[in-house]
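>
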Amino acid sequence: MNFSNSVYRPMTERWQPPEYEGSEGERLAKAKRLDGQLAQIAAEHKSVSFACSFSIEDIILVERITSLRLGIAIFAIDTGRLPGETLGFADEVEHHFNVSIQRIAPDSESLQRLAGLQHDDDIYLSESFRKQCCEIRKLVPLGRALAHADAWVTGMRREQSATRASIAYKEIDHARGIAKFNPLVEWSTAEVWSFARQHKIPIHPLHERGYPSIGCAPCTRAVRAHEDLRAGRWWWLSNDSKECGLHQ
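Heads up: take any position in the sequence shown, counting from 1, add 799, and you land on this note's numbering.
1. Only counting the same chain, and skipping five residues up and downstream in sequence, which positions put a Cβ closer than 7 Å to that of C932?
2. Apart from the five residues on each side of it in sequence, which residues of its chain come closer than 6 Å, Cβ to Cβ, to G1009?
3. Can you give me the C-alpha to C-alpha distance between D877 and D857, rounded to a whole angstrom?
4. Residues in the same chain with beta-carbon distance under 7 Å from E818, minus the five sequence neighbours each way, listed in chain order, please.
5. On the DSSP bridge assignment, give the partners of D972 in chain order.
6. Sorted by chain position, which residues of the same chain lie with C-beta nearer than 6 Å to H844's C-beta, five sequence neighbours on each side aside?
7. Here's the rule I'm using: 16 or more other beta-carbon atoms within 10 Å means buried, otherwise exposed. How should S960 be labelled?
8. Could you check where the beta strand (DSSP E) with F853 kicks off and where it finishes?
9. Would you tell me roughly how many angstroms separate the C-alpha atoms of S909 and A946, rounded to the nearest one?
10. Let me confirm a value: G1044 is counted as buried when at least 16 other C-beta atoms fall within 10 Å, else exposed. Which label applies?
11. State buried or exposed for H1003, treating a residue as buried only when at least 16 other CB atoms are found within 10 Å of its CB.
12. How is the alpha helix (DSSP H) around R832 delimited, first residue to last?
13. Measuring alpha carbon to alpha carbon, tell me which of G1014, H1025, R868 ends up nearest W1033.
14. Taking the C-alpha atoms as reference points, what is the distance between S907 and P940?
15. One question on the structure: do A967 and V984 come within less than 8 Å of each other, judged by their Cβ atoms?
16. I'd like the span of the beta strand (DSSP E) that includes W951, first residue to last.
17. Can you find the residues in the same chain that come closer than 6 Å, C-beta to C-beta, to K979, ignoring five residues on each side of it along the sequence?
18. Would you mind working out which of S993, R956, R936 sits nearest E825, comparing C-alpha positions?
19. Check T1019 in the structure and name its three-state DSSP category.
20. Where does I900 fall in DSSP's three states?
21. With respect to the beta strand (DSSP E) encompassing I922, which residues constitute its N-terminal and C-terminal limits?
22. Let me know the secondary structure DSSP gives V861 once reduced to three states.
23. Output the distance between the C-alpha atoms of S848 and Q901, rounded to the nearest integer angstrom.
24. Could you name the residues of the same chain whose beta carbon sits closer than 6 Å to that of S965, not counting the 5 residues immediately before and after it, in chain order?
Okay, here's the thing in structure tokens:
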């Protein structure tokens, strides 16, 4: 099996963003509720952080957080393996919303140790190597980013995958003992794209090339129209394994 250049793998019948078929009233109600939830989160917690991966869901949250001037800190984990499109898009988002997004990177010594233990392609062959890579590049930086937060916000939705079907609006991050909020949890993919189009927010270029979910370049590829939204993430694994550990 050839895993090279996985993020750019050619594919026919690519996934396309769906059209919204609900009413205008439903759309406005969802947007109003989102604003209320974000305002309440900011009011009830002293230090709130938002983890931005530059997905369409996350850019919606950036748009609302900045528009409402909620004082929620925004950070992104730069794993060292992000697609070039993501890095360029991050700069575009900062410029568009006039916001500073803190970049959290893995520890250089840990990366050197990782490089000595495994080759790049080992993540496809060993689940333990894959988890170790995610641990060093994502989980440890996340812990640093949330070290002083008493709550954090994500763009996760139940519709994204089977592993997220039972997530709640408010959860407890047991690893850190803080609150975790998923304000878009009940939004459909069509509602997300409708909001983005209506508000003319920037869209990650890979979304429009068949990537509904975008992570590290070696672990992401486009998906077909009939596939799960996160089927392109760690595609060589079974569906119940497609989480890096950030949200477990």
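A virtual CB, placed ideally from N, CA and C, is assigned to each residue, including glycine.
As the structure is a prediction and not an experimental result, all values here were calculated from the model.
Taking the geometry as given:
1. On the sequence shown, position 133 is the one that residue 932 refers to. Only L913, I922 meet the Cβ criterion.
2. Taking the first residue of the sequence shown as 1, we reach residue 1009 at position 210. The answer, listed in chain order, is R813, W814, A1021.
3. Against the sequence shown, residue 877 aligns to sequence position 78. Against the sequence shown, residue 857 aligns to sequence position 58. Using only the alpha carbons, I get a separation of about 15 Å.
4. Taking the sequence shown and counting its residues from 1, the one referred to as residue 818 is at position 19. Excluding positions up to five away in sequence, the list reads A989.
5. Against the sequence shown, residue 972 aligns to sequence position 173. D972 pairs with I977.
6. For this step, residue 844 is matched to residue 45 along the sequence shown. So the list reads D949, A950, once near-sequence residues are dropped.
7. By one-based count along the sequence shown, residue 960 stands at place 161. When all chains shown are included, S960 counts as buried.
8. Residue numbering aside, residue 853 sits at position 54 when the sequence shown is read from its first letter. Element bounds for F853: n/a, residue is neither H nor E.
9. Here residue 909 is taken as the residue at index 110 of the sequence shown, counted from 1. Here residue 946 is taken as the residue at index 147 of the sequence shown, counted from 1. Looking at the two C-alpha atoms, the distance is approximately 19 Å.
10. Stepping through the sequence shown from its first residue, residue 1044 is reached at position 245. Interpretation of G1044 is limited by its pLDDT of 47, a score under 50 that renders its predicted location unreliable; no figure is taken from the coordinates.
11. Taking the sequence shown and counting its residues from 1, one reaches residue 1003 at position 204. Buried: at least 16 other Cβ atoms inside 10 Å.
12. Taking the sequence shown and counting its residues from 1, one reaches residue 832 at position 33. Where R832 is concerned, the enclosing alpha helix (DSSP H) stretches over 823-843.
13. Within the sequence shown, numbered from 1, the residue matching residue 1033 stands at position 234. Checking every option, the nearest Cα to that of W1033 belongs to G1014.
14. Counted from its first residue, the sequence shown places residue 907 at position 108. Counted from its first residue, the sequence shown places residue 940 at position 141. Computed Cα separation, rounded: 11 Å.
15. Looking up residue 967 in the sequence shown gives position 168. Looking up residue 984 in the sequence shown gives position 185. Taking 8 Å as the Cβ cut-off, A967 and V984 qualify as a contacting pair.
16. Sequence index remark: in the sequence shown, residue 951 carries index 152 (1-based). 950-952 is the span of the beta strand (DSSP E), which, as asked, contains W951.
17. Looking up residue 979 in the sequence shown gives position 180. Same-chain partners within the cutoff: W951, E970, D972.
18. As a working mapping, residue 825 is identified with position 26 in the sequence shown. Nearest option by C-alpha distance: S993.
19. Start at 1 with the first residue of the sequence shown, and residue 1019 comes out as number 220. In this structure, T1019 counts as strand in the three-state DSSP scheme.
20. In the sequence shown, residue 900 corresponds to position 101, counting from 1. In this structure, I900 counts as coil in the three-state DSSP scheme.
21. Translated into positions along the sequence shown, residue 922 becomes position 123. No beta strand (DSSP E) contains I922, which is instead part of the alpha helix (DSSP H) from 921-924.
22. Position 62 of the sequence shown, counted from the first residue, corresponds to residue 861. Helix at V861.
23. What you label residue 848 is simply residue 49 of the sequence shown in a count that begins at 1. What you label residue 901 is simply residue 102 of the sequence shown in a count that begins at 1. Computed Cα separation, rounded: 10 Å.
24. Working through the sequence shown from its first residue, we reach residue 965 at position 166. Once the five neighbours on either side are set aside, S965 has no close Cβ partner at all.
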